[in-house]
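Residue numbers (our numbering), protein chains in the order written: chain A, 125 to 379; chain B, 25 to 321. All residues carry an ideal CB built from backbone N, CA and C; glycine is no exception. Predicted, not measured: the structure shown is a model, and the values here were computed from it. Single-structure report; data block below.
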Amino acid sequence: MTKFAGLSRQYWPTLVLFAFLLASWQAAVSFGGIREYLLPAPLSVWNALWHGDTSWGQHIWATTFEIIGAFVLAAGVGVALGVAIAWSPLLANALVPFLVFVNTLPKVAIAPLFLIWMGYGIFPNMLMGALIGFFPVVINTAVGLSQVEADMLDLGRVFSAPKWKIFVKIRIPNALPYILSALKITATAAVVGAIVGEFVASQRGLGYVIVTTQSSMNTSVAFASLIWISAVGLALYGAVVLAAHLWAPWAEGVD
Amino acid sequence: MQGCLFEGLLHPGADAQELTSNGHPTFRVSGVTSRLIDLDKVGMTYQAASSPVEALAGISMSVGAGEFVSLVGPSGCGKSTLLRIVAGLRPATAGTISVAGRRVTKPIDDIGMVFQAPILLKWRTILENVLLPAELAGKDAGALRGRALELLEMAELHGFADKLPRELSGGMQQRASLCRALLLDPPLLLMDEPFGALDAMTRDDLALELLRIWGELDLAREARKTVLFVTHSLPEAVFLSDRVVVMSPRPGRIAADLRIDLPRPRTVELRATEAFGRLNLEIFRTLTGRTVGATSS
């Protein structure tokens, strides 16, 4: 109860501003003569969000599935590459230039290639999201694994602890806050990737919905789709923040 | 009475009497205190960007078992490096080092190390941190839990076993790191400016605490741990030590090796005595190269 009171005290300015903007928007459309296909009124967006002839369920599901897949793929591959880089200088020398090269490629430009290679479907879009989101995980994992005090490593050497043990007991927990911090970026990047993938080639998904509204001029549906996308994105971001809170409470306030 | 309190703590499973004969037989020759650390013309030169830098030169000294020896010297004289060379963590480029009669060529495991920062693992409770050496050394941490708790109690941290390091003050964290160093009951403690980051009051407090834990009150000299203690603080070195080794600026050499014949157990009042002040002054003069009497002008 007091927590709720505290939250409402913190966020009431946001809520007031949001309500004010919505009201102005509605007023501008209702009384300002702005045409519906240019800027739909909040109320018609609201209607499109729940009713209308778009079957939201399958699109939300498709996009959510792509985003989660992209996120898991980026996290898994990113952590694995980060560990490889931190584990062996040889692997680091082999991998890092290549990874930097991949990261500098504009991923959007690769999307048409994915269409050629993999056709339509969920998987290429997943891969696009993973491709955009994996790099920060690699870097933060590698940095977090190596940011261990020299004295702590000396302590490990004194007790002749094997390398894997230093990794498991010291380096990996030390890297956890760094990894979780990168995953917050990945959560957002996965959404971008999935939507970009859908723009280029898809038959389902919230990005696909937006593309189809271009031809039908059904702008309120595009707005509704945007709201769904940000809802999915926020949910994933929130899950990562929650995971960071649960798994690395000692790092609170690091970022 | 304090003797009873702490007896056996530093050496679990044995009382002090037994230990002097059975504890670490390699370190004692009957009747004579043996030398635990032997340094013979130890030198250290490392390759800097432009030219080689000589950090240590011709360091020959030895430390007897159960002795408390401090290394003092100006910043950059290589005293911390020397400590790591003794531990086998850095290779010396000249001379020989032996600990307990064995040549040191790689890290030796029979030591406890305390650094300037407590370097406790942030995600582990204090108890789990104290147990870390057992895990790193592949020993059964569960079996040492009782000892870890005893050590924490001795360091007046018993209420904090399940707390995270960030919940403790700097002084308490440093005491926890001392407990960690003592967990496996090493005969040799290497301490690198362990109180250097603490405020003056905590510092003096911990110095007394360290002597108590070391067994000044209750253990026979041979049963005590050998301590090699690096510090910047001359009063700290005098207060704690049996001997103070003064090092010269780079390349670090031994400028003086002074016996501190102050009575043990050392007390707070000792700091106010003339003898204490005179020793401080003597070391200060050795360090700064000023001759006796030259300071008053």
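Annotation: the continuous alpha helix (DSSP H) that includes residue 263/A extends over 246-270. Residue-level contact by beta carbon fails for residue 197/A and chain B, as no gap is shorter than 8 Å. Under the three-state reduction of DSSP output, residue 221/A falls in the helix class. When DSSP reads this structure, residue 76/B sits in a beta bridge with 71/B. If you draw a 10 Å sphere on the C-beta of residue 292/A, you find fewer than 16 other C-beta atoms in it, and that means exposed. Using a CB distance below 9 Å, the part of the region 281-293 of chain A facing chain B consists of 281, 282, 283, 284, 285, 286, 289, 290, 293, ordered along the chain. Counting only residues of its own chain and dropping the five nearest sequence neighbours on each side, residue 143/B has a CB closer than 8 Å to the CB of 201.
In the assembly as shown, residue 231/A is a buried residue. Its beta-carbon has 16 or more other beta-carbons within 10 Å.
Look at residue 344/A here: in three-state DSSP terms it is helix. In summary, residue 266/B is buried, with 16 or more beta-carbon neighbours lying within 10 Å of its beta-carbon over all protein chains present. Contact annotation: residue 276/B and residue 112/B have beta-carbon atoms that are not nearer than 8 Å. Taking the Cβ atoms as the reference, residue 83/B lies roughly 6 Å from residue 278/B, within the contact range of under 8 Å. For residue 155/B, no alpha helix (DSSP H) segment is defined, and its DSSP state is neither H nor E.
As computed with DSSP, residue 225/B is found in no beta bridge at all. Just measuring C-alpha positions, the residue of 262/A, 301/A, 142/A, 273/A sitting nearest residue 199/A is 262/A. The beta carbon of residue 159/B sits closer than 8 Å to some beta carbon of chain A.
Listed in chain order, the positions of the region 337-371 of chain A with a beta carbon within less than 9 Å of a beta carbon of chain B would be empty, since no residue qualifies.
Residue 66/B is not a Cβ neighbour of residue 132/B, given a cutoff of 8 Å. Residue 252/A is outside the set of residues whose beta carbon lies under 8 Å from a beta carbon in chain B. Excluding sequence positions up to five before and after residue 190/B, its CB lies within less than 7 Å of the CB of 146, all in the same chain and listed in chain order.
Not one beta carbon of chain A lies nearer than 8 Å to the beta carbon of residue 85/B.
With a threshold of 8 Å between beta carbons, residue 219/A makes no contact with chain B. Residue environment: residue 259/A is assigned as buried (16 or more neighbouring CB atoms within 10 Å of its CB, all protein chains considered). Taking residue 328/A as the centre and dropping the five residues before and after it, the same chain places the C-beta of 182, 183, 186 closer than 7 Å to its C-beta, in chain order. For residue 239/B, the three-state secondary structure derived from DSSP is coil. The DSSP assignment places complete beta strand (DSSP E) segments of no fewer than 3 residues inside the region 72-125 of chain B at 76-88, 92-96, 118-123, in order along the chain.
Beta-bridge analysis with DSSP links residue 63/B to 85/B, 121/B. Along the region 113-138 of chain B, the positions whose C-beta sits under 7 Å from a C-beta of chain A are 113, 131, 133, 135, 137, read in chain order. Contiguous alpha helix (DSSP H) elements confined to the region 299-342 of chain A occur at 330-340, taking only those with 4 or more residues. Minimum Cα-Cα distance from residue 289/A among the listed residues 163/B, 207/B, 209/B, 188/B corresponds to 163/B.
Counting C-beta pairs with one atom in each stretch, the region 277-286 of chain A and the region 154-162 of chain B have three or more that are closer than 8 Å, which means they touch. At a cut-off of 8 Å, the C-beta of residue 279/A has a neighbouring C-beta in chain B. For residue 59/B, there are no C-beta contacts with chain A under 7 Å, since the nearest C-beta of that chain is about 21 Å from it. Taking C-beta atoms as the reference points, residue 289/B and residue 246/B fail to come closer than 8 Å.
Contact annotation: in the region 222-250 of chain A, no residue has its CB less than 9 Å from a CB in chain B.
Under the DSSP assignment, residue 269/B falls in the beta strand (DSSP E) whose first and last residues are 267-271.
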